[in-house]
Amino acid sequence: MQPGMSLRLALTVALTGLVAPVSVADAATFLFIRHAESTTNSGAASTPEEILDPPLTALGQQQAQDLVGVLKDLDLTHIYVSSYQRTTLTIEPTAAEFGLPPLVESEIREWSFGDGSAGLDYNAINDMFDE
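Structure below.
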């Protein structure tokens, strides 16, 4: 993303650490949209690869189509997705309707640190990323 870029739509699972002073004239509107139903959500994923990066189910494909109607009256200028295929598949119909190519930002992928039983605190997690 370029500094000063006017953003109207961000499709992400999570975005953290965004802190910057802006004036009202420079303010952007972000919409965070969760992906449509995937095969992992429905329990239908059958391989480890599919569990990690699942496609949409038939219901998810319909939800993606329905999203076009929900967003049709907005002034969308940019679409950002994570590198998971379920995010791209969710926004493809909307992107086509608006003529906007989804921009893949792998940095906005969801992260998993387990179920919490490992006792990782903020510093331990931060050290995992050499920050």
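Take -7 as the starting number for the sequence shown in our numbering and just add one per residue. Each residue gets a CB set at the ideal place from its N, CA and C atoms; glycine is no exception. Note that the structure is predicted; figures quoted are calculated from it, not measured.
**Prompt:** Hey, how far is the Cα of T69 from the Cα of L23?
**Reply:** 12 Å
**Request:** Would you give the residue range spanned by the alpha helix (DSSP H) that F90 belongs to?
**Result:** 77 to 90
**Request:** Starting from the C-beta of E42, find all residues in its chain whose C-beta is less than 8 Å away, skip the five residues before and the five after it, and write them out in chain order.
**Result:** T31, T32
**Item:** Rounded separation between I100 and T82 - CA only
**Value:** 16 Å
**Item:** Presumed contact (8 Å Cβ cut-off) between V60 and T86, rounded CB distance
**Value:** 5 Å
**Prompt:** Measuring CB to CB, does T124 end up less than 7 Å from S34?
**Reply:** This structure cannot settle anything about residue 124, because the visible part of the chain is limited to -7 through 123.
**Request:** Note down, in chain order, each residue of its chain lying with its Cβ closer than 8 Å to the Cβ of E36, except the 5 sequence neighbours on either side.
**Result:** A small fix is needed here, since residue 36 is Ala in this sequence, not Glu. Closer than 8 Å at the Cβ level, and outside the excluded window around A36, lie T49.
**Asked** In the structure shown, what three-state DSSP assignment does N118 receive?
**Response** helix
**Beta carbon proximity, I83 to chain B, threshold 7 Å** = Among the chains of the structure shown, chain B does not appear; only one protein chain is present.
**Item:** Whole-angstrom distance between S74 and L44, CA atom to CA atom
**Value:** 13 Å
**Residue span of the alpha helix (DSSP H) that contains S34, given as start and end** = 31 to 34
**Item:** Cβ neighbour criterion (16 or more within 10 Å) applied to A19
**Value:** Exposed, by the Cβ-count rule.
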